[in-house]
Amino acid sequence: MRRLLRGAAALALATAALTAVGTTEAQAADEWAGCPYGAVCVYPQNQNPAVSPSHIYWTYGTHNLQNQFGNHWVLNNQYDGALAMLCYSSGTDCTADMLAEGTGVYADLTPINSIVLRPHLD
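Quick note: our numbering has the sequence shown finishing at residue 122, numbered continuously throughout.
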(Lines of atoms letter the chains of each structure in order from A and count residues from 1; the text may use other names and numbers.)
(Lines give C-alpha, C1' and ligand atoms only; values in the text may rest on other atoms or scores of the structure.)
Protein backbone atom coordinates (compact mmCIF):
# COMPACT_ATOMS: atom_id res chain seq x y z
CA MET A 1 0.00 0.00 0.00
CA ARG A 2 2.81 2.42 0.88
CA ARG A 3 4.55 1.63 -2.38
CA LEU A 4 1.35 2.48 -4.29
CA LEU A 5 0.92 5.79 -2.42
CA ARG A 6 4.58 6.75 -3.00
CA GLY A 7 4.22 5.94 -6.70
CA ALA A 8 1.06 8.06 -6.97
CA ALA A 9 2.73 10.95 -5.13
CA ALA A 10 5.77 10.79 -7.42
CA LEU A 11 3.54 10.77 -10.50
CA ALA A 12 1.58 13.79 -9.22
CA LEU A 13 4.79 15.71 -8.48
CA ALA A 14 6.26 14.94 -11.92
CA THR A 15 3.02 16.01 -13.63
CA ALA A 16 2.94 19.29 -11.68
CA ALA A 17 6.58 20.02 -12.60
CA LEU A 18 5.94 19.42 -16.30
CA THR A 19 2.84 21.62 -16.22
CA ALA A 20 4.74 24.48 -14.59
CA VAL A 21 7.55 24.28 -17.15
CA GLY A 22 5.07 24.20 -20.05
CA THR A 23 3.27 27.29 -18.79
CA THR A 24 6.48 29.28 -18.39
CA GLU A 25 7.65 28.43 -21.88
CA ALA A 26 4.31 29.42 -23.42
CA GLN A 27 4.35 32.84 -21.76
CA ALA A 28 7.93 33.56 -22.84
CA ALA A 29 7.14 32.66 -26.46
CA ASP A 30 4.23 35.13 -26.57
CA GLU A 31 6.36 38.18 -25.75
CA TRP A 32 7.76 39.97 -28.79
CA ALA A 33 10.68 42.40 -28.49
CA GLY A 34 9.67 43.15 -24.90
CA CYS A 35 6.04 43.75 -25.89
CA PRO A 36 3.68 41.62 -23.79
CA TYR A 37 1.18 39.35 -25.52
CA GLY A 38 -2.13 41.18 -25.89
CA ALA A 39 -0.63 44.69 -26.12
CA VAL A 40 0.43 47.29 -28.67
CA CYS A 41 3.83 48.81 -27.92
CA VAL A 42 5.63 52.00 -28.92
CA TYR A 43 9.42 52.05 -28.60
CA PRO A 44 11.73 55.01 -27.93
CA GLN A 45 12.79 57.21 -30.82
CA ASN A 46 15.36 55.60 -33.12
CA GLN A 47 15.54 52.37 -31.08
CA ASN A 48 16.28 50.00 -33.91
CA PRO A 49 15.84 47.11 -33.47
CA ALA A 50 12.95 47.34 -31.04
CA VAL A 51 14.08 46.04 -27.65
CA SER A 52 12.27 47.72 -24.77
CA PRO A 53 8.95 49.58 -25.19
CA SER A 54 8.42 53.04 -23.73
CA HIS A 55 4.60 52.84 -24.00
CA ILE A 56 2.33 49.80 -23.70
CA TYR A 57 -1.38 49.91 -24.58
CA TRP A 58 -3.77 47.15 -23.51
CA THR A 59 -7.33 48.34 -24.12
CA TYR A 60 -9.40 48.94 -27.23
CA GLY A 61 -10.05 52.58 -28.04
CA THR A 62 -8.09 55.75 -28.73
CA HIS A 63 -4.79 56.38 -26.97
CA ASN A 64 -3.37 59.88 -27.41
CA LEU A 65 0.36 60.19 -27.98
CA GLN A 66 2.31 63.01 -26.41
CA ASN A 67 5.85 64.15 -27.20
CA GLN A 68 6.50 61.37 -29.71
CA PHE A 69 8.71 62.74 -32.48
CA GLY A 70 10.81 61.06 -35.14
CA ASN A 71 10.99 57.36 -35.98
CA HIS A 72 9.60 54.76 -33.59
CA TRP A 73 8.73 51.09 -33.84
CA VAL A 74 5.07 50.32 -33.18
CA LEU A 75 4.34 46.61 -32.70
CA ASN A 76 0.89 45.02 -32.57
CA ASN A 77 1.21 41.97 -30.30
CA GLN A 78 -2.55 41.62 -29.74
CA TYR A 79 -4.50 38.44 -30.50
CA ASP A 80 -7.77 37.32 -32.12
CA GLY A 81 -7.04 39.48 -35.18
CA ALA A 82 -7.14 42.79 -33.26
CA LEU A 83 -5.94 45.81 -35.23
CA ALA A 84 -4.04 49.00 -34.45
CA MET A 85 -4.18 52.24 -36.45
CA LEU A 86 -2.03 55.37 -36.39
CA CYS A 87 -4.16 58.53 -36.56
CA TYR A 88 -3.39 62.18 -37.33
CA SER A 89 -6.26 63.42 -35.16
CA SER A 90 -7.62 62.03 -31.91
CA GLY A 91 -9.02 58.74 -33.19
CA THR A 92 -9.84 60.05 -36.67
CA ASP A 93 -8.02 60.67 -39.95
CA CYS A 94 -6.12 57.41 -39.57
CA THR A 95 -3.48 56.14 -41.95
CA ALA A 96 -4.66 53.71 -44.59
CA ASP A 97 -2.38 51.00 -43.23
CA MET A 98 -3.77 49.10 -40.27
CA LEU A 99 -1.36 47.07 -38.20
CA ALA A 100 -2.63 43.52 -38.16
CA GLU A 101 -1.94 41.20 -35.25
CA GLY A 102 1.73 40.19 -35.23
CA THR A 103 2.95 43.08 -37.40
CA GLY A 104 4.85 46.28 -36.78
CA VAL A 105 5.89 49.47 -38.48
CA TYR A 106 8.87 51.80 -38.14
CA ALA A 107 7.13 55.15 -38.56
CA ASP A 108 7.65 58.87 -38.08
CA LEU A 109 5.30 59.65 -35.20
CA THR A 110 5.78 63.44 -35.45
CA PRO A 111 2.46 63.96 -37.29
CA ILE A 112 0.67 61.14 -35.44
CA ASN A 113 -1.70 62.21 -32.65
CA SER A 114 -3.08 58.86 -31.47
CA ILE A 115 -3.14 55.09 -31.77
CA VAL A 116 -6.48 53.30 -32.00
CA LEU A 117 -6.76 49.66 -30.91
CA ARG A 118 -9.82 47.76 -32.06
CA PRO A 119 -11.05 44.19 -32.41
CA HIS A 120 -11.03 42.51 -35.77
CA LEU A 121 -14.23 43.22 -37.66
CA ASP A 122 -15.37 40.50 -40.07
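Positions of the beta carbon are idealized from the N, C-alpha and C atoms, including for glycine.
Whole angstroms is fine: what's the gap from residue i's alpha carbon to residue j's?
i: Ala84; j: Gly104; result: 10 Å
i: Pro44; j: Ile115; result: 15 Å
i: Ser90; j: Leu99; result: 17 Å
i: Cys94; j: Leu75; result: 17 Å
i: Leu109; j: Asp97; result: 14 Å
i: Gly61; j: Cys87; result: 12 Å
i: Tyr106; j: Trp73; result: 4 Å
i: Val123; j: Asn64; result: What is shown of the chain runs 1 to 122, which leaves residue 123 out entirely.
Under a three-way DSSP split, which group does residue i fall into?
i: Asp124; result: Beyond the ends of the chain as shown, which are 1 and 122, falls residue 124; an answer cannot be given.
i: Gly91; result: coil
Is the separation between the beta-carbon of residue i and that of residue j shorter than 8 Å?
i: Ala82; j: Leu121; result: no
i: Gly70; j: Pro53; result: no
With DSSP as the reference, please indicate the residues paired to residue i in a beta bridge.
i: Asp108; result: Asn71
Among the options, which one has its Cα closest to the Cα of residue i?
i: Pro49; options: Pro36, Pro111, Trp32 and Tyr57; result: Trp32
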